[in-house]
Amino acid sequence: MTDTQAIAIRPEQQVAVALADHTKRDLLRHTLASSLDDTEFELFCEVAAAKGLDPFSGQIHALKRGGKNPKMSIQVGIDGLRLVAIRTGDYAGQEGPYWCGDDGTWRDVWLSKEPPAAAKVGVIRRGFERPLFAVATFGEYAQYTSFDGKRQLNSMWQSKGALMLAKCAEAMALRKAFPAECSGLYSD
12 MTDTQAIAIR PEQQVAVALA DHTKRDLLRH TLASSLDDTE FELFCEVAAA
62 KGLDPFSGQI HALKRGGKNP KMSIQVGIDG LRLVAIRTGD YAGQEGPYWC
112 GDDGTWRDVW LSKEPPAAAK VGVIRRGFER PLFAVATFGE YAQYTSFDGK
162 RQLNSMWQSK GALMLAKCAE AMALRKAFPA ECSGLYSD
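Numbering (this note's numbering), first residue to last: 12 to 199.
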């Protein structure tokens with residue numbers, strides 16, 4: 012590809028071009044997507060290319076979960092969702108995040124050592140009168156793991172609970188504000 016051809020390709024098309032390159036495709040297949048079978052890998056590449064999201068940048072991930080018969084799920088990182096919103100030309104920023112404890116008082120910074128009870132984010136979309144807010148509660152979104160038969164928060168939720176909860180609220184707000192563009196894109 013010449014420099015002139017590279018300039019003519021829109022940023023969201025660059026992912027499809029990169030995934031058509033056998034060297035990059037093999038690199039993806041043997042590193043970030045090594046747990047996928049051939050069909051799952053092809054599906055993942057198709058979704059990444061169609062949405063213009065770069066797996067090498069962590070914008071989109073293929074994960075397998077589920078014990079003896081794991082199933083693949085395609086998940087989008089918060090940066091991927093932000094990028095999808097920005098590409099619409101209608102993303103006009105956001106309000107928040109805000110957090111609250113059990114007292115129900117919303118704060119613009121979370122300083123407690125205990126995790127917040129909830130986080131909310133409002134996404135501003137051009138043409139809408141008000142931001143579209145979404146609220147995520149810790150009880151509904153915190154991720155747990157089992158260790159020595161005990162249920163405990165996973166390491167990210169233990170150390171960065173407020174941040175993780177804010178990302179969940181932001182992802183929900185982005186999907187509310189841009190439902191067609193974010194259709195089928197779920198955050199990890």
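Ideal placement from N, C-alpha and C gives every residue a C-beta, glycine not left out. Since the model is a prediction, treat every value here as computed from it, not as a measurement.
(1) Pop quiz: Y155 and R162 are said to be a contact at Cβ under 8 Å. What is the actual Cβ separation, rounded to whole angstroms?
(2) Can you give me the Cβ contacts of I71 inside the same chain, cut-off strictly under 6 Å, excluding the 5 residues immediately before and after it?
(3) Locate the alpha helix (DSSP H) running through Q169, then write down its first and last residues.
(4) Give me the DSSP bridge partner(s) of I85.
(5) Hey, quick one: how far does the alpha helix (DSSP H) through E151 stretch, first residue to last?
(6) Tell me whether the beta-carbon of V95 lies closer than 8 Å to the beta-carbon of E192.
(7) On a Cα-Cα basis, can you pick out the residue from E51, A177, S157, D37 that is closest to D119?
(8) Under the rule that 16 or more other beta-carbon atoms within 10 Å means buried, what is C179, buried or exposed?
With the structure as the only source:
(1) For the purposes of this step, residue 155 is taken as residue 144 along the sequence shown, with counting starting at 1. For the purposes of this step, residue 162 is taken as residue 151 along the sequence shown, with counting starting at 1. That belief holds up - the Cβ atoms of Y155 and R162 are roughly 5 Å apart, short of 8 Å.
(2) As a first step, residue 71 is located in the sequence shown; it is residue number 60 there, counting from the start. So the list reads A59, L64, V87, G91, once near-sequence residues are dropped.
(3) The residue labelled residue 169 in the question sits at position 158 within the sequence shown. Taken as a continuous stretch (DSSP letters only), the alpha helix (DSSP H) holding Q169 covers 166–170.
(4) The sequence position of residue 85 within the sequence shown is 74, counting from 1. As DSSP reads the structure, I85 sits in a beta bridge with A73.
(5) In the sequence shown, counting from the first residue as 1, residue 151 sits at position 140. In the DSSP annotation of this structure, the continuous segment of the alpha helix (DSSP H) that includes E151 starts and ends at 149–152.
(6) Sequence index remark: in the sequence shown, residue 95 carries index 84 (1-based). Sequence index remark: in the sequence shown, residue 192 carries index 181 (1-based). Yes, the pair counts as a contact, with Cβ atoms nearer than the cut-off.
(7) In the sequence shown, residue 119 corresponds to position 108, counting from 1. Of the listed residues, the one whose Cα sits closest to D119 is A177.
(8) Position 168 of the sequence shown, counted from the first residue, corresponds to residue 179. The residue in question, C179, is buried, as its Cβ has 16 or more Cβ neighbours within 10 Å.
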